[in-house]
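Read through the structure below, which is laid out as structure tokens, and then see the notes.
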Amino acid sequence: MSHVNLSVASDWLTVINSLPSLLELHLSECTLQVFPSLSSVNFTSLSILDLSWNIFHSAIPKWVFSLRNLISLDLSATDVEGPLPGGSWNLTSLKSFDVSLNYLNSSLPDWIFSLTSLVSLNLRNNGFEGPIPIGLHNLTHIRNLDLSENYFNSTIPDWLYNLESLQNLDLHSNNLQGLISAAIKNFTSVSTLDFSHNELEAKISKEMGNLCNLKRISVEGNKLGGTISEAFESLSGCLSSSLESLSLGGNNFSGHLPDKVGKFKHLRVLQLEGNLISGPIPSSLCSLSSLVYLDLAGNQLTGMIPECIGNLSKLERLEIGYNMLEGVLTEVHFKNLTSLRELYASNNHRLTLTVSPAWVPPFRLTALELRNWDLGTKFPLWLQSQDYFWDLDLSSTGIADSIPTWFWNITSRTMYLNLSHNQIGGELPADLRFSAQSTMIYLGSNKIKGSLPCITANVSELDLSNNSFSGTISRFLCNPKDEPNRLKILHLGENRLSGEIPDCWMKWKSLRVIKLGDNNLTGKVPISIGYLPQLQSLHLRNNSLSGGVPESLKNCSKLLTLDFGINKFVGSIPVWMTGSNLPELKVLGLRSNMLKGEIPPELCSLASLQILDVADNNLSGEIPKCVGNFKAMTTQEISAHPISYSFYYGEFLENAFAVIKGREIEYDTILRLATSIDMSNNDISGGIPEEVTALLGLRSLNLSRNRLIGPIPNKIGDMQVLESADLSINHLAGRIPPSMSSMHFLNYLNLSNNNLSGEIPLSTQLQSLDASSFLGNALCGPPLPENCSTERAPPYILNKYDNGSDGVKLDELYLSMVIGFVVTLVGVWGPLIYISSWRQAYLQFLDHMFQAVSGKLCK
13 MSHVNLSVAS
23 DWLTVINSLP
33 SLLELHLSEC
43 TLQVFPSLSS
53 VNFTSLSILD
63 LSWNIFHSAI
73 PKWVFSLRNL
83 ISLDLSATDV
93 EGPLPGGSWN
103 LTSLKSFDVS
113 LNYLNSSLPD
123 WIFSLTSLVS
133 LNLRNNGFEG
143 PIPIGLHNLT
153 HIRNLDLSEN
163 YFNSTIPDWL
173 YNLESLQNLD
183 LHSNNLQGLI
193 SAAIKNFTSV
203 STLDFSHNEL
213 EAKISKEMGN
223 LCNLKRISVE
233 GNKLGGTISE
243 AFESLSGCLS
253 SSLESLSLGG
263 NNFSGHLPDK
273 VGKFKHLRVL
283 QLEGNLISGP
293 IPSSLCSLSS
303 LVYLDLAGNQ
313 LTGMIPECIG
323 NLSKLERLEI
333 GYNMLEGVLT
343 EVHFKNLTSL
353 RELYASNNHR
363 LTLTVSPAWV
373 PPFRLTALEL
383 RNWDLGTKFP
393 LWLQSQDYFW
403 DLDLSSTGIA
413 DSIPTWFWNI
423 TSRTMYLNLS
433 HNQIGGELPA
443 DLRFSAQSTM
453 IYLGSNKIKG
463 SLPCITANVS
473 ELDLSNNSFS
483 GTISRFLCNP
493 KDEPNRLKIL
503 HLGENRLSGE
513 IPDCWMKWKS
523 LRVIKLGDNN
533 LTGKVPISIG
543 YLPQLQSLHL
553 RNNSLSGGVP
563 ESLKNCSKLL
573 TLDFGINKFV
583 GSIPVWMTGS
593 NLPELKVLGL
603 RSNMLKGEIP
613 PELCSLASLQ
623 ILDVADNNLS
633 GEIPKCVGNF
643 KAMTTQEISA
653 HPISYSFYYG
663 EFLENAFAVI
673 KGREIEYDTI
683 LRLATSIDMS
693 NNDISGGIPE
703 EVTALLGLRS
713 LNLSRNRLIG
723 PIPNKIGDMQ
733 VLESADLSIN
743 HLAGRIPPSM
753 SSMHFLNYLN
763 LSNNNLSGEI
773 PLSTQLQSLD
783 ASSFLGNALC
793 GPPLPENCST
803 ERAPPYILNK
813 YDNGSDGVKL
823 DELYLSMVIG
833 FVVTLVGVWG
843 PLIYISSWRQ
853 AYLQFLDHMF
863 QAVSGKLCK
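At position 812 of the sequence shown the residue is numbered 824 (our numbering), and the sequence of numbers has no breaks.
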């Protein structure tokens, strides 16, 4: 009954229990949700039980276990069934927990352990948690046991190795930890062993080498280590004569591949990808004449590929990419590879393919990836001998030819086609037609010219960027389609496209990425572009677009990046750009437009914003004090995983531009770590709000070329990860805050052309900066040549922006002096000026004193 929906059949186990003669029960993918208990088991004759791919869970909703402040939870007598969710340990504040009078059981119900006649048990992908239950040791006749893709999180128990009848054991994709015990020597009947994708560690057990019936071993995706030579030594007992499949990939094995690998004569599958294996590929591999699948990718292999690899006549799939291999390959390397169907060899140090123009390969490939090889300038003619490709990557291979007409025939069924980063010229066919359900086309960074082609509706990713396409995009966008378009990624940037952006976006509802930047597009942004429900990335940078930012974009609630920089947009920054409308927005680029008005405080609610660039506009007003609410800038991002939109992770990355230290930087692979605010070259006034110092994760701040006044915030030193700060060409005054001396990551600072005064704080960072960073102020001390002497510049320079307590006392002293001077001026000089009798008497007095002094001098 597999694949039958039994989600509402709560009595399924009761019905089964009424069939005492039942021998086989197959209920895979039946949407079973509850694992009932049984007081007595009547179907003990069962030999095969398959309950895989269901969704067993406790009737207690898992959201209950997110209530971390919960003190009391009473679920007694509520007919709760199934295992208790593992999330229950989250309830750290719980003082009372009552689930009595229910039907709770262990991860696996006890009645399974009563089925002692079971020969095969499949519980794959059911969400079971906790340790592997000891009750399974009752199944002494079990030959096939599959507990894979659950959440068992214990070590592999020693009693499991005592199941003498066991032939096939699958524990992959759990959370199993610890070592592979020496008790594995008891698995004398086991032929298939899958421990892959767990957390197992240490070295391969030497006892495994004596398991003479073992044919397939998979321990990939663990934390196993030691040298690869030791691993093969441990496996080289009688096992070397029986082993057919060995998967050691995704571990920490190191060292050189030993010649001993050649002793495993019956190996059909050898997977060693993703380790730390170095050195050359040993020629002993060529003696494995039964090999069907060889995977050495993602290591540190060096040297040349041995010619004898061409003797592996049964080889169907070869993966040697992402190493440091080099050298020239010729027809000899492929002479007997008549069975080869898939060849993955991209991203090595430097591999060159040199074959005769008339070469006809002995193979018929369906997948070929040679990225970063040297294939010569001519288009490879030998490709014409192949029937079709579903995967073809010849990017960065030096091709400087036009694409021949026949090429489109062998790629008509392609799912992934990449010819990017070559020098390919010529024009594309007017229509690119593909029959695969989903096709990804990457032809960017070439010299292709002419009009844009039309594409079939099944194309999901299209990159034609950085070419010489010209004309409008109307025919491409507005050409009627018979079925809904599946296009998710559209990159037409860095071409010579012109005209207006047509209002045809309603035909492209699946679009997630639109990149039209660096063209010659004009006119307004059409309103319909704001009604793409899946849109996450919109790049219109560096065109001649005008008008305002369309309000319809507030409907694109999934937007991560919005880049309208370097255009001719007018109006103000929209107040609808809020966290409620754009909750996931990470990048907002409005640089170099003609925007005016104030920076709306509504922007501060963009809690996910990492890059804010509004430089080179006509913005006025003050910096909103709410800038401290940019939550993504208040903490340091830990995850450096790229933001990728492609079906192939990492193939098409999100990117953003920021001007840092006076030059434009493009972020893609580390975009998650980039944080920047750039408000430079506007007409912003007022002071720098103290709240900006709450942005503890900010790495770049540029407020230069404005009319800012007042002091630099005293707490700016709290911004410990700030790497670049440009506050130049403003009217900032006061002293440089001493806290800046603790900014150890600050490697660029420009405070020039302000009204700052006093001594530059001493620190390794500040004194290592160029003196030009401080010019145009009244500053002294290194790195400036002016010394801060007591007469010239006291250590504490008073000004109207100082806020310290000492400054307050000096303010009172200086104020008293000023008042005394004014009183004297008014009290003495006032009457002399306005009362004539006083003035005459005072002049007579001065005349008398002058004569008296003169008389004494004459004597």
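By construction, the Cβ of each residue, glycine as well, lies at the ideal position given by its N, Cα and C atoms.
Start and end residues, beta strand (DSSP E) containing residue i
i, result
"A379", "A379 to E381"
"A550", "The sequence given here has Leu at residue 550, not Ala. Run containing L550: S549 to H551, per the beta strand (DSSP E) assignment."
"D403", "D403 to D405"
"D690", "S688 to D690"
"F669", "A668 to I672"
"I289", "L288 to G291"
Whole-Å CB distance - residue i paired with residue j, under 8 Å assumed
i, j, result
"N762", "D730", "Actually they are not in contact, since the Cβ atoms of N762 and D730 sit about 20 Å apart, beyond 8 Å."
"F47", "L34", "Actually they do not touch by this definition, with Cβ atoms about 18 Å apart."
"F391", "P373", "That pair is no contact at about 16 Å."
"G190", "T167", "4 Å"
"G410", "G438", "G410 to G438, Cβ: 16 Å. No contact."
"S477", "L499", "About 15 Å; that fails the 8 Å criterion."
"G529", "E512", "About 16 Å; that fails the 8 Å criterion."
Enclosing alpha helix (DSSP H) for residue i [first to last residue]
i, result
"E798", "Looking at the DSSP string, E798 is not in any alpha helix (DSSP H), and its letter there is neither H nor E."
"V27", "W24 to I28"
"A243", "I240 to S246"
"R487", "S486 to C490"
"D122", "D122 to F125"
"Q777", "T776 to Q779"
7 Å CB neighbourhood of residue i in its chain, flanking five on each side removed
i, result
"P441", "W420 and P465"
"V344", "E319 and G322"
"C516", "L489 and C490"
"S299", "G274"
Simplified DSSP assignment, three categories, for residue i
i, result
"H345", "helix"
"T389", "coil"
"Y826", "Note that Y826 has pLDDT 41, beneath the 50 cutoff, so the model's placement of it is unreliable and the number below is only indicative. Y826 falls in the helix class under three-state DSSP."
"V231", "coil"
"F164", "strand"
"T423", "coil"
"V53", "coil"
"G190", "strand"
"K570", "coil"
"K500", "coil"
"Y115", "Caution is warranted here: a pLDDT of 39 is assigned to Y115, below 50, making its placement in the model unreliable, and no coordinate value can be reported."
"V273", "helix"
"L133", "strand"
Other residues of its chain near residue i: CB distance less than 8 Å, five sequence neighbours each side excluded
i, result
"L251", "M220, G221, N222, L223, C224 and L226"
"T423", "Y400, F401, L404, L429 and F446"
"P797", "A783"
"A309", "E285, G286, E331, I332, G333, Y334, N335 and Y356"
"E676", "F669 and A670"
Closest by C-alpha distance to residue i, when choosing among the options
i, options, result
"G262", "L303, L279, L557 and F207", "F207"
"P496", "P514, R487, D515 and A469", "A469"
"D271", "E676, I293, G286 and N641", "I293"
"I526", "I501, G542, T204 and E610", "I501"
"S217", "S246, F276 and T204", "S246"
"H433", "L395, D182 and L382", "L382"
"T426", "D443, A448 and T417", "A448"
"L597", "A619, V471 and Y163", "A619"
"L474", "T409, S450, E563 and P636", "S450"
"N629", "I696, G662 and K566", "I696"
"P595", "S569, K608, V587 and I578", "S569"
"S482", "N458, V471, N507 and L476", "N507"
"L710", "F642, L133, A214 and F669", "F642"
Cut-off 6 Å between Cβ atoms - residues of its own chain near residue i, not counting five sequence neighbours on either side
i, result
"N726", "P749"
"N180", "N156 and T204"
"A379", "E354 and D403"
"T681", "P654"
"P876", "Shown here, the chain extends from 13 to 871; a query on residue 876 therefore has no answer."
"S617", "T590 and G591"
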